[in-house]
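Trainee: Protein chains in written order, with the UniProt record's numbering: chain L, 1 to 194; chain E, 1 to 217.
Sharing a structure here in structure tokens format.
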């Protein structure tokens, strides 16, 4: 429940302010707290959790549980975006191999979730925050990968819908159709056949 | 209950060394298990079924994988000689630069050394730009962590180990005193601290790699 100001940036025409705040990567997101920038999404999430530690902690309190959460968030960081890109923006053998690996990745995550409501257990936590933004891309993965994520990983989709019952998630995630349009544009620019 | 700490690593992996340095900085006794990269043990595969890689720290039977996750775990479990800053902003800054090292610096340096000729020249620019960012971070400091070794020093320690070795093999000098005086000085300080200060009486002969000593023990 922290109040913040939201600034949208244009991927193909980045603002001077963004480039000044993140000169190393020149990318969003950048959190600015009392004038000081924090870059890299999971670094920013941990920062937020640390600064406002009295409200709804995202990371568990015990070191082993924290390490477990960081491990899975790191796995999501390493795998989901890159493999998802192969599903939506590659063709031929790279696409097929990427799709197979991507489904395996989702199944592994589904296995880790188990029968719990959230990756954080009973409460929405750090790993949930790391993964749920990719739900907005599920439509794109299914459209361009030609498969059903719900058929492959029903528990994972149920988890995503559970997260979407939270206003903070449903109001911030982009619409899946909008993402499909965006990916379609990018595929045209990159010369990938539909 | 007596603590049981084991570390699965290999003799050469810079990722495994991070856990070694963190444990040594904290003065934690541990059992070292050297794995064969081409013939991984069933125990390693059982402890890290997701990535099937070292390092894996086992603390009282529970596994922790991924080198920087391990270093943070060590720091949160044993409070002496803190590795991460207390201040949330400084902690976030340290995590940022550690990640930068892994995602940008290491791949860009590795790519330079595995190429030759024109391809190498083209990749050199990117590696140099990444090193300039690190050089700036050392302004006014002995280590990236300030007066003492911190997370970023541990995360970037492979520079002191691997880069020198690659330069010796290839003949290409990337980090010189002229081009990167602060980084050059940091490498000397880091080597001195982790090898000499933390292990004044090595029990085994340090491995020689082209005239340099491997920074593990």
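Even for Gly, the Cβ is constructed at its ideal location relative to N, Cα and C.
In this text, all values refer to a predicted model and were calculated from it rather than measured experimentally.
1. Smallest Cα separation from residue 38(E): which of 54(E), 86(E), 132(E)?
2. With a Cβ-Cβ cutoff of 8 Å, do residue 103(L) and residue 143(L) count as a contact?
3. What are the boundary residues of the alpha helix (DSSP H) that residue 54(E) is part of?
4. Among residues of its own chain, excluding the 5 on either side of residue 48(E), which ones have a beta-carbon nearer than 7 Å to its beta-carbon?
5. Looking at chain L, which residues of the segment 39-69 of chain E have a Cβ within less than 7 Å of any of its Cβ atoms?
6. Is there a Cβ of chain L sitting closer than 8 Å to that of residue 180(E), yes or no?
7. Between residue 177(E) and the rest of its own chain, which residues show a CB-CB distance below 7 Å, the 5 nearest in sequence each way excluded?
8. Just tell me which of 64(L), 63(L), 35(L), 106(L) has its CA closest to the CA of residue 83(L).
9. Taking residue 128(L) as the reference, which of 59(L), 153(L), 154(L) has the closest Cα?
10. Taking just the CA atoms, how far does residue 2(L) sit from residue 49(L)?
11. On the CB-based measure, 16 or more other CB atoms within 10 Å of its CB, does residue 137(L) come out buried or exposed?
12. For chain E, find out if any of its Cβ atoms is closer than 8 Å to the Cβ of residue 63(L); answer yes or no.
13. What separation, rounded to the nearest whole angstrom, lies between the Cα atoms of residue 80(E) and residue 109(L)?
14. Could I get the ranges of all uninterrupted beta strand (DSSP E) runs contained in the segment 7-90 of chain L, with 3 residues as the minimum, in chain order?
15. Give me, in chain order, the residues of the same chain whose beta-carbon lies closer than 7 Å to that of residue 28(L); leave out the 5 immediate sequence neighbours on both sides.
16. Name the two residues that bound the continuous beta strand (DSSP E) containing residue 119(L).
17. Could you pull the DSSP bridge partners for residue 63(E) from this structure?
18. By alpha-carbon positions, which one of 99(E), 85(E), 106(E) ends up nearest to residue 147(E)?
19. Can you tell me whether residue 93(E) is buried or exposed? The criterion is at least 16 other CB atoms within 10 Å of its CB, across all chains shown.
20. Reducing DSSP to helix, strand and coil, say where residue 33(E) ends up.
21. Which residues mark the beginning and the end of the alpha helix (DSSP H) in which residue 79(E) is found?
22. Do residue 109(E) and residue 127(E) have their CB atoms nearer than 8 Å?
23. From 135(L), 16(L), 145(L), 170(L), pick the residue whose C-alpha is nearest to that of residue 97(L); which is it?
24. For residue 133(E), which of 164(E), 180(E), 88(E) has the nearest alpha-carbon?
25. For residue 192(E), which residues in chain L fall below 8 Å Cβ to Cβ?
26. Does any C-beta atom of chain L lie closer than 8 Å to the C-beta of residue 95(E)?
27. Since residue 250(L) and residue 155(L) are thought to touch, with beta carbons under 8 Å apart, how far apart are those beta carbons, to the nearest angstrom?
28. Using a Cβ cut-off of 8 Å (strictly closer), state whether residue 116(L) contacts chain E.
29. Quick one, which of 11(L), 153(L), 184(L) has its alpha-carbon nearest residue 26(L)'s?
30. Using a Cβ distance threshold of 8 Å, determine whether the segment 152-171 of chain L contacts the segment 22-34 of chain E, with at least three qualifying pairs required.
Mentor: The structure says:
1. 54(E)
2. no
3. Premise fails: residue 54(E) is in no alpha helix (DSSP H) and is neither H nor E.
4. 56, 63, 65
5. 50, 62, 64, 65, 66, 69
6. no
7. 184
8. 106(L)
9. 59(L)
10. 11 Å
11. buried
12. yes
13. 35 Å
14. 30-33, 36-39
15. 9, 18
16. From DSSP, residue 119(L) is part of no beta strand (DSSP E); its letter is neither H nor E.
17. 58(E)
18. 85(E)
19. buried
20. strand
21. Taken as a continuous stretch (DSSP letters only), residue 79(E) belongs to no alpha helix (DSSP H), as it is neither H nor E.
22. yes
23. 145(L)
24. 180(E)
25. Here the premise fails: no neighbours, minimum Cβ distance about 29 Å.
26. yes
27. Lying before the first or after the last residue shown, residue 250(L) is absent from chain L, which here runs from 1 to 194.
28. no
29. 11(L)
30. no
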